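Q: Below is one structure. I have some questions about it.
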Amino acid sequence: MHTTPATRRFFKMQGAGNDFVVLDLRQGDPAPDPALCRFLADRRFGVGCDQILTIEAPVDPGSLAAYRIWNADGSRSGQCGNGARCIAHYLYRHDRLAVDRFTLDSPAGPIDAHVVGPGRYALDMGRPQFEPSAIGLVLPGAAPTVPSDPYRIELNGESVSFGAVSMGNPHAVLVVDAVAHAPVERLGPAIQASGVFRDGVNVGFVEPVSASAVRLRVFERGVGETLACGSAACAAVAVLARRGLVGADVAVHLPGGVLDIAWSAADDGGVIMTGPAAFVFEGELCRNESALAASSP
């Protein structure tokens with residue numbers, strides 16, 4: 016007879032300051048429900064994190080493992096670049112891998128991972144998708160299969176211009192003069208609540224510095240502003256590259272660190288994201304206490 020253990024081990028990890036609670040479900044533990052995700056993400060009453068990651072058995076026989084992503088509000092996410100690097104780091108260290116290249120199954124499809132140095136990983140994040148139907152963009156007059164750039168909407172009497180792309184999850188990219196003064200807390204939630212994006216959207220505010228460097232702040236769907244967002248870094252570079260504002264190799268400076276993004280608009284291949292991943296601590300979650308906390312008002 017199977018008995019549920021009284022505790023569940025978790026690992027706190029971070030990539031460029033974007034932090035996660037990682038649960039390894041490969042031994043049969045159930046996936047977290049939205050209430051447990053909200054408790055885990057709570058920085059005062061739980062563990063504290065931007066998102067929750069689960070590691071599961073691979074979907075494809077050629078993959079090492081699969082992972083899924085939950086936002087701090089308990090909703091699901093299709094992709095997370097910093098989280099994917101943390102998953103790669105966990106598997107490389109925890110499973111004591113003898114190889115430095117492997118494939119992970121993500122909600123958005125397979126991700127190829129490469130260990131490029133101690134605690135540093137390069138991931139092929141796949142091709143950017145600019146079609147409105149792929150992004151979930153539902154602007155009046157926008158053809159579902161015909162990309163446009165920029166898009167414009169009216170928000171409280173203000174005209175807002177942005178690029179849009181999917182990196183397995185939807186992104187709006189706004190070019191600003193200085194990210195330090197960008198209206199992240201005002202426009203981020205407003206664009207998310209506008210109804211223009213069917214499944215919500217991550218909103219990036221990017222400041223081009225040169226052809227090889229940009230600054231970026233991100234208001235993430237279901238989370239709020241974070242110190243870093245890997246898929247948003249990929250999205251920002253993809254939008255800027257199509258406009259001819261950056262080259263094929265770009266250092267993206269986020270509040271939590273730097274991610275290196277490589278993509279050529281001419282080649283139209285996958286976006287390569289390189290950055291750090293690290294363990295912070297590990298612990299055991301008391302199931303009874305977490306259940307009570309998750310159900311409390």
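Using my numbering, the letters of the sequence shown correspond one by one to residues 16 to 312.
Glycine included, every Cβ here is placed at the ideal spot set by N, Cα and C.
No experiment lies behind these values; they were computed from the predicted model shown.
Sorted by chain position, which residues of the same chain lie with C-beta nearer than 7 Å to Val211's C-beta, five sequence neighbours on each side aside?
A: Contacts found: Leu152, Val153, Leu154, Ile168.
Q: Using only the alpha-carbon positions, how far apart do Pro133 and Pro45 sit?
A: Approximately 32 Å between the Cα atoms of the pair.
Q: Using DSSP with H/G/I as helix, E/B as strand and the rest coil, what is Asn171?
A: Looking at Asn171 - three-state DSSP - the assignment turns out to be coil, as it is neither helix nor strand.
Q: With H, G and I counted as helix, E and B as strand and the rest as coil, what does DSSP make of Ser246?
A: Helix at Ser246.
Q: Does DSSP classify Arg111 as helix, strand or coil?
A: Looking at Arg111 - three-state DSSP - the assignment turns out to be coil, as it is neither helix nor strand.
Q: Going by other Cβ atoms of all chains shown within 10 Å of its Cβ, with 16 needed for buried, is Glu299 buried or exposed?
A: The residue is exposed, with fewer than 16 neighbouring Cβ atoms inside 10 Å.
Q: Can you name the start and end residues of the alpha helix (DSSP H) that Ala293 belongs to?
A: No alpha helix (DSSP H) contains Ala293, which is instead part of the beta strand (DSSP E) from 293–301.
Q: Taking Cβ positions, are Ala251 and Gly219 nearer each other than 8 Å?
A: Result yes, Cβ atoms of Ala251 and Gly219 sit closer than 8 Å.
Q: Would you decide whether Arg23 is buried or exposed? Buried here means 16 or more other CB atoms lie within 10 Å of its CB.
A: It counts as buried.
Q: What is the DSSP secondary structure of Val238, counted as helix, strand or coil?
A: Coil at Val238, not helix or strand.
Q: Is it the case that the stretch 219–237 contacts the stretch 51–64, given that we only count it when at least three CB pairs across the two stretches are under 8 Å?
A: At 8 Å Cβ cutoff, the stretches do not touch.
Q: Look up Leu255 in the DSSP assignment and say whether it is helix, strand or coil.
A: Helix at Leu255.
Q: If you run the structure through DSSP and keep just helix, strand and coil, what is Arg232?
A: It is a strand residue.
Q: Quick one: is His104 buried, meaning 16 or more other Cβ sit within 10 Å of its Cβ, or exposed?
A: With 16 or more Cβ atoms within 10 Å of its Cβ, His104 is classed as buried.
Q: Taking DSSP as the reference, what is the three-state secondary structure of Asn86?
A: Here Asn86 sits in strand by DSSP.
Q: Could you give the C-beta distance for His186 and Val194, rounded to a whole number, given that I count them as a contact under 8 Å?
A: In fact, because the Cβ distance is near 16 Å, the residues do not count as touching under 8 Å.
Q: Going along the chain, which residues of its own chain have a beta-carbon closer than 6 Å to the beta-carbon of Arg53, five neighbours each way excluded?
A: Closer than 6 Å at Cβ, skipping near neighbours: Gly89.
Q: Report the rounded CA-to-CA distance for Asp164 versus Phe35, giving the unit in angstroms.
A: Answer to the nearest angstrom: the Cα atoms are 33 Å apart.
Q: What's the call for Pro143, buried or exposed, on a 16-neighbour Cβ count within 10 Å?
A: Per the 10 Å Cβ criterion, buried.
Q: In chain order, which beta strand (DSSP E) runs of at least 3 residues are fully inside the stretch 118–177?
A: Whole beta strand (DSSP E) segments, 3+ residues: 124–132, 135–139, 166–170.
Q: How about Gly245 and Arg100: do their beta carbons lie closer than 8 Å?
A: For Gly245 and Arg100, yes; Cβs fall inside 8 Å.
Q: Could you have a look at Val199 and say whether DSSP puts it in helix, strand or coil?
A: Helix.
Q: From the DSSP secondary-structure annotation, give me the bridge partner or partners of Arg23.
A: Arg23 pairs with Leu300.
Q: When burial is assigned at 16 or more other CB atoms within 10 Å of the CB, is Arg236 buried or exposed?
A: Looking at its Cβ environment, which holds 16 or more other Cβ atoms inside 10 Å, Arg236 is buried.
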